[in-house]
Amino acid sequence: MSQSRRLFLQVLALGLLLPAVMSAASPLPTPTGQVLLHVTGNIAITNSEQGAAFDRAMLQDLDWVEVETYTAFTEGPQRFAGPTLASVLAAVGAQGDILRATAINDYSVQIPVVHASAHDVLLAMDMNGRQMRVRDKGPIWVVYPMTQLEAEAHPFDGQMIWQLTQIRID
Amino acid sequence: MLALTSFKRSLLAICLCLALLISMVAHRASLREVEHQVVFSISVTMWKVSELVFEAQRFTTALADRLSGQAGLADVQTRFDVLWSRIDVVEALEFQETPLIADPLNDMIAWRARWDVELFGDTPLTDAQVIAMRQSLAPLIVALRSGWVAEFDTAHFGTWAQATSTTQAGIARQEWMIAGLLALIIAYLAAEVYFASVATRRERALRDAADRANRSKSDFIANVSHEIRTPLNGIINMAAHLSDHPLSREQRDCLAVIEDAGDLLLSTINDVLDLSKIEAGQFVIETSVFDPMRGLRLARDLYRDAARDKGLILDLELPQGPLPKLEGDERRVRQVVHNLVSNAVKFTKTGRVAIRAWYDTDTQPGFHIHISDTGPGIPAEAQARVFEPFAQEVDRLQRGTSGKGLGLPITRALCDAMRGTVALDSMAGQGSRFMIFLPLNRVEVTLSDRRARTASDTGAPHLGLRVLITDDNATNRFVLRKLLDKHGVEIHEAASGREALELLAETRVDVVLMDIQMPGLDGMEATVRLIEAEALAARTPPPVIGVTANVLPEQVAQYKDIGMVAVLAKPVAKPLLLNTISAVTSTATATRGDVAPQTQRAAG
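Laid out in structure tokens, this is it:
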């Protein structure tokens with residue numbers, strides 16, 4: 049990733065972070081659309097008995113960013129858009145070191161919470177300008193932005209879970 | 025490579041070996057890494073396919089739940105999408121080469137495309153459609169699973185491993201590197217072997233050249249000694265003959281000088297010849313039974329005058345009772361004693377020279393001779409080198425003395441040849457003691473020994489024999505005739521081999537003295553023909569004694585091979601000539617061949 053792009057993303061993130069941080073202080077609204085993501089476990093802010101539930105609109109209100117990146121599962125550069133993992137964790141007041149991410153098919157992985165800020169991890173929902181369906185690894189794909197070279201080393205393939213529906217904070 | 029020193033070359037080789045070692049370790053690590061990757065890759069592939077089968081089953085279950093009303097359309101759609109994504113994942117694995125998987129997979133892709141339209145269409149899904157969807161999927165699941173089981177058994181494991189390895193290029197690079205290093209090491213070894221063989225060949229060539237040079241030197245010395253001995257023969261024998269005549273005092277003194285000078289010259293030539301034989305490894309030790317006492321007494325008598333002239337005492341110390349008779353080369357034993365006594369007398373200015381001899385039967389069985397003097401002694405650092413021919417110490421020690429300088433080297437060579445030792449015990453200023461040990465056998469005295477000794481000791485025996493002297497040189501014939509003519513010998517002469525044969529055809533003789541080098545029929549050929557002719561006539565041929573200056577060991581052996589019973593070296597000493605003639609004639613009637621002294625090659 050080029051230096052200017054990284055800078056651009058940081059500025060963009062900063063610009064979008066302000067409302068996200070403000071909203072994180074307030075209680076979560078109740079989802080009105082189809083729930084795409086459940087967040088449970090050690091969280092401070094909830095909007096249901098199980099924890100926090102997000103529909104697309106709520107996720108779009110968080111720190112929504114768009115990145116162009118490479119993955120080991122795709123050919124060539126891909127444009128992903130979605131809220132940063134950090135903004136989601138902030139929105140639920142997550143307190144813990146490890147989060148367990150689970151997919152529709154019950155596949156699950158552990159992700160260190162520090163990755164969220166350290167690697168600008170994205171909960172991608174759109175790919176190349178189109179909303180990802182389940183068949184396209186939607187509704188949410190955990191994406192670590194990487195250069196082509198970095199992607200070839202497969203550093204975070206294990207963490208890049210797709211068809212994500214649940215996050216539990218431990 | 026040749027320009028490098030061997031040290032640098034070996035350093036290079038060690039570096040190559042180290043590099044090879046490191047490469048092999050790295051290669052091993054890479055192989056293990058590849059192995060891990062292959063295992064991982066295979067397990068991932070396995071997992072992806074089994075996930076697809078599992079999702080297909082789950083979709084079937086979702087359809088059943090839909091029929092029973094337990095699942096909504098959205099649930100079915102979600103599971104359909106998940107199945108869709110799993111098909112994509114497996115399709116990305118590229119199974120085109122394996123139809124057992126590719127065929128059901130393609131069927132699934134066609135299946136999902138068909139049902140995608142109906143499942144996400146505007147009209148709600150009927151139960152009949154759900155059942156049809158389930159029934160059409162079931163055989164695809166079975167086919168995929170059985171294809172998968174068939175493909176992924178052990179028989180195909182290697183193919184999978186090959187297809188999934190990703191770092192073949194790196195491995196190949198390392199293997200090339202190892203092969204290259206091995207080639208370098210092999211090239212190095214080949215070069216080492218090649219240069220070693222070149223060096224060996226060069227060394228051999230040099231050695232051959234040195235051997236050739238040494239041989240031609242020995243030949244030259246032998247030739248020169250031959251050339252000197254022949255005229256010396258005449259000088260010494262004529263002097264000896266002349267001394268038997270009445271002479272004035274002055275003439276007798278002159279004759280004594282001639283005889284002394286002749287003897288010295290002869291012994292010098294003999295020493296030089298001995299040394300050249302030693303160097304050529306052609307030393308022959310003759311074995312006979314002898315009384316060591318005689319040689320020791322002779323040595324004492326020989327040097328007593330010289331010692332007295334210098335004011336020295338020369339003692340011969342012998343054990344009580346007689347020394348036993350010994351089996352060995354009497355001439356060589358005497359030569360050793362003479363060399364050492366002559367040296368001791370020569371280098372000692374005042375005091376005493378002692379010869380001690382005894383036969384030891386206990387600790388070191390054999391004949392021991394110690395020759396000690398009160399001379400200047402030899403410093404320890406020079407002791408080892410006095411036995412080397414042409415050593416500087418020898419030159420220095422003998423400077424100012426009329427020595428030949430070969431006495432000690434010859435002494436040691438003689439002792440070696442007789443399997444004995446010569447040791448030196450000396451300190452500068454303390455005198456010297458040379459200790460000779462010869463492992464000679466004792467022999468019980470027999471009657472024949474006694475008789476032989478008596479015969480040789482009488483000095484002027486009356487032989488009463490007929491002797492044929494064969495020599496092309498009139499002087500030589502004259503000398504031999506003079507040596508024999510006071511001993512009752514009937515002399516016949518022949519100037520060539522042919523003449524000798526003609527004479528022998530008519531006249532019987534008791535012994536033939538045969539020169540070897542003669543024009544026309546030479547001595548060897550004449551001897552052969554004589555023995556043949558006598559055999560034809562059914563007669564015993566007269567014993568033939570070779571009389572020649574050509575007495576190298578192999579030549580002597582050759583003469584004896586063709587039938588000569590003894591060989592005398594020119595110039596011939598009178599006692600030896602008489603002894604030999606009487607020996608060959610006294611036994612010629614008994615057993616031929618026993619008389620000739622047995623010869624044996626000296627070791628080394």
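Listed in order, the protein sequences are those of chains A and B.
Residue 49 is where the first sequence starts when you use my numbering, and the numbers rise one by one after that.
Residue 25 is where the second sequence starts when you use my numbering, and the numbers rise one by one after that.
Built from N, CA and C at the ideal position, the CB exists for glycine as well.
- Taking 8 Å as the cut-off, the Cβ atoms of B:PRO400 and B:PHE371 count as close.
- Excluding sequence positions up to five before and after B:GLY431, its CB lies within less than 6 Å of the CB of ASN363, ASN367, all in the same chain and listed in chain order.
- Using a 10 angstroms sphere on the CB of B:MET70, the tally of other CB atoms stays under 16, which defines it as exposed.
- Given a length threshold of 4 residues, each whole run of the alpha helix (DSSP H) inside the region 262-320 of chain B is given here in chain order: 273-304.
- Residue state for B:ALA562 is assigned as coil, using DSSP reduced to three classes.
- With contacts defined as CB atoms closer than 8 Å, A:VAL169 and A:ALA142 fail to qualify as a contacting pair.
- Under the DSSP assignment, B:ILE111 falls in the alpha helix (DSSP H) whose first and last residues are 97-115.
- Within chain A, the residues whose beta carbon sits less than 9 Å from that of B:VAL106 are ALA151, ILE152, ASN153, VAL182, ARG183, GLN211, listed in sequence order.
- For A:GLU114, the three-state secondary structure derived from DSSP is strand.
- The continuous beta strand (DSSP E) containing B:TYR383 extends over residues 376-384.
- For B:VAL296, the closest alpha carbon among the candidates B:GLU121, B:LEU338, B:ASN247, B:MET132 is that of B:ASN247.
- Judged by DSSP in its simplified three-state form, A:ILE152 adopts coil rather than helix or strand.
- Residues of the region 77-91 of chain B that bring their beta carbon within less than 9 Å of a beta carbon in chain A comprise PHE78, GLU79, ARG82, in sequence order.
- Here B:TRP382 is exposed. Its C-beta has fewer than 16 other C-beta atoms within 10 Å.
- For B:ILE460 against B:GLY444, the beta-carbon gap comes to about 7 Å, under 8 Å, which counts as contact.
- Under a 10 Å Cβ-count criterion, B:THR150 is classified as exposed, with fewer than 16 other Cβ atoms of the shown protein chains found around its own Cβ.
- Rounded to the nearest angstrom, the gap between the Cα atoms of B:THR147 and B:ALA134 is 21 Å.
- No Cβ-Cβ contact shorter than 8 Å links B:ASP546 with B:THR572.
- Using a Cβ-Cβ cut-off of 8 Å, B:SER109 counts as an interface residue toward chain A, since at least one Cβ of chain A sits closer than that to its own.
- In this structure, A:MET173 sits near A:ILE188, with a CB-CB distance shorter than 8 Å.
- For the 8 Å CB-CB criterion, A:ALA201 and A:TYR118 do not form a contact.
- For A:ARG127, the three-state secondary structure derived from DSSP is strand.
- Under the Cβ distance rule, B:THR102 counts among the residues neighbouring chain A, one pair being separated by less than 8 Å.
- Secondary structure note for B:GLU578: it is in no beta strand (DSSP E), and the uninterrupted alpha helix (DSSP H) holding it is 577-585.
- A Cβ-Cβ distance of about 5 Å is found for the pair B:ALA331 and B:VAL369, placing them in contact under the 8 Å criterion.
- Between B:VAL596 and B:VAL575, the C-beta spacing is not below 8 Å.
- For A:PRO160, the pairing in a beta bridge is given by DSSP as A:ILE146.
- Cβ-Cβ separation between A:ALA134 and A:LEU76: approximately 16 Å, too far for a contact (criterion under 8 Å).
- In summary, B:ASP329 is exposed, with fewer than 16 beta-carbon neighbours lying within 10 Å of its beta-carbon over all protein chains present.
- For B:GLU199, no pairing in a beta bridge is given by DSSP.
- Considering only A:VAL87, A:THR80, A:GLN82, the residue with the shortest C-alpha distance to A:LEU147 is A:VAL87.
- Your pair A:ALA105 and A:THR80 checks out as a contact, with CB atoms roughly 7 Å apart and the cut at 8 Å.
- For B:ILE586, the closest alpha carbon among the candidates B:LEU602, B:ALA593, B:PRO565 is that of B:PRO565.
- Between the alpha carbons of B:LEU168 and B:LEU76 lies a distance of about 9 Å.
- The Cβ atoms of B:LEU492 and B:VAL467 lie no closer than 8 Å to each other.
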